[in-house]
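S.K.: Numbering (this note's numbering), first residue to last: 255 to 729.
1. Less than 8 Å between the beta carbons of residue 395 and residue 423, yes or no?
2. Check whether chain C comes within 8 Å of residue 257, counting only Cβ atoms and requiring the distance to be less than that.
3. Give the range of the alpha helix (DSSP H) segment to which residue 651 is assigned.
4. Tell me which residue opens and which closes the alpha helix (DSSP H) that residue 416 is part of.
5. Are the Cβ atoms of residue 672 and residue 504 separated by less than 8 Å?
6. Taking residue 350 and residue 525 to be in contact with their CB atoms under 8 Å, please state how far apart those CB atoms are, rounded to whole angstroms.
7. Between which two residues does the beta strand (DSSP E) harbouring residue 495 extend?
8. Rounding to the nearest angstrom, what Cα-Cα distance links residue 278 and residue 341 in this structure?
9. Expressed to the nearest angstrom, what Euclidean distance is found between the alpha-carbon atoms of residue 461 and residue 514?
10. Secondary structure at residue 395, three-state DSSP: helix, strand or coil?
11. What are the start and end residues of each continuous beta strand (DSSP E) run of 3 or more residues lying completely inside the region 496-550, in chain order?
12. Where does the unbroken beta strand (DSSP E) through residue 383 begin, and where does it stop?
13. Taking the beta carbon of residue 431 as the centre, do at least 16 other beta carbons fall within 10 Å, making it buried, or is it exposed?
14. Whole-angstrom Cβ separation of residue 719 and residue 385, contact assumed at under 8 Å?
15. When the Cα atoms are used, what is the spatial distance from residue 364 to residue 334?
16. Considering residue 423, what are the terminal residues of the beta strand (DSSP E) in which it resides?
17. With a floor of 4 residues, list each alpha helix (DSSP H) that falls wholly inside the region 654-709, ordered by position along the chain.
18. Looking at residue 527 and residue 626, is the spacing between their C-beta atoms short of 8 Å?
19. Applying the criterion that 16 or more other CB atoms from any shown protein chain within 10 Å of the CB defines a buried residue, is residue 706 buried or exposed?
20. In the DSSP output, which residue or residues are listed as bridge partners for residue 257?
21. Please list the segments of the alpha helix (DSSP H) lying wholly inside the region 440-483, counting only runs of 4 or more residues, in order along the chain.
22. Hey, quick one: how far does the beta strand (DSSP E) through residue 573 stretch, first residue to last?
23. Count the other CB atoms within 10 Å of the CB of residue 488; is the residue buried (16 or more) or exposed (fewer)?
24. When the distance is taken between beta carbons, is residue 507 closer than 8 Å to residue 545?
25. If I'm right that residue 263 touches residue 295 with Cβ under 8 Å, what's the distance once you round it to whole angstroms?
26. Go ahead and pull the three-state DSSP assignment for residue 356.
27. Thinking just about the alpha-carbon of each residue, which of 536, 559, 654, 433 is nearest to the one in residue 686?
28. If you follow the beta strand (DSSP E) that residue 718 is part of, which residue opens it and which one closes it?
29. Closest by CA to residue 467, which one among 596, 285, 492?
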């Protein structure tokens, strides 16, 4: 039986006359019916957030922390149900879905410990000046489909901790686990502080342009981020944009082939490659290129592509048909141009159900190949050969994106030296995909605007206010 889900507005679970179907990407079955909200429901949610803001912003930060920690506990206590639901709607294997659910709970708890302490600018005989952080107001959050629960929570938690209220829109492809969390927190969070509404793509621009929303936090494509920035400019909304990436890894000749092959594979193929910071271009020194490329390809042949709910599945389907068709188009372009495949590259069965793409690894395609120059966001990995570090750094930086990257080497000092030359917001040395709730995460160039996580991410939901007192002025 298909389950009908409700939205959370002003502390109440609501339905709408208009609805949307949610599909399981593993078999294209309908697994949920959710509200399809428009202007009326958005206005109601924003009004609820606006009404709740004065009291919530005056609530002590310790009391706000306590509420956020209860949200974390609710997610953790219901993790078994949530990760299975997440696999159904998103496609990722159960173990990866568990990682997202428990990761979201842990991230929420960790972020609740952050502080917004005043900073003293001057404390002299004549003057005391301090900077305090005050909440922006009502936040509009727009969440993608690749990590729907994690991305929702990384917007809700800092917004709440700062004293803001929020109206959150999940992706229409993956709203189910988030709406189930809405049910779980309905009686934990004061009415109106968190509102979660679902709708078609047209709902996003309505949120961006709504006159009573003070800030937009968005995770998604660079193309959509530009539209959001344009829409928010009409009334100078504050914005945080975590956008696309074409993240490069550089593997030096001293890297241990046996140790790094599996790690490099998963740096690209976790969540079927649908990660903004996945390794999307891997540059391998020519001295070890043949050995390492073959080792990665051999490991790839041991990984099963299939339904994420089935035991033994390592890589699930692409989440939605639109992205599925785009990834197939990139692979077809590589075939048309005669590029060499180490694995994959074959055409799928057009009569099959589910959005499955075989694990595809390309052997040294040129820099101007679409499969290299564009963000694939799918189970596709181009491996490229380089001769010198300067060449590898230049090629890695030759992108409009600058989200993340990695360096793999036995010489960590050398790795750090190269990392400091990469034009990205995050660089890992000898690991990948590690994000800390206490360290800022954001992109350079066209990969984003502002930051999430850490003190910097929390401050994105605030204005600085400077209060200056002239001492002994009335003496």
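Ideal placement from N, C-alpha and C gives every residue a C-beta, glycine not left out.
M.R.: On the basis of the coordinates in this document:
1. yes
2. In the displayed structure, chain C is absent; only one protein chain is listed.
3. 643-651
4. 402-416
5. yes
6. 6 Å
7. 492-496
8. 8 Å
9. 44 Å
10. strand
11. 502-505, 535-539
12. 381-389
13. buried
14. 7 Å
15. 21 Å
16. 419-423
17. 666-673
18. no
19. buried
20. 286
21. 457-463
22. Looking at the DSSP string, residue 573 is not in any beta strand (DSSP E), and its letter there is neither H nor E.
23. exposed
24. no
25. 7 Å
26. helix
27. 536
28. 716-724
29. 492
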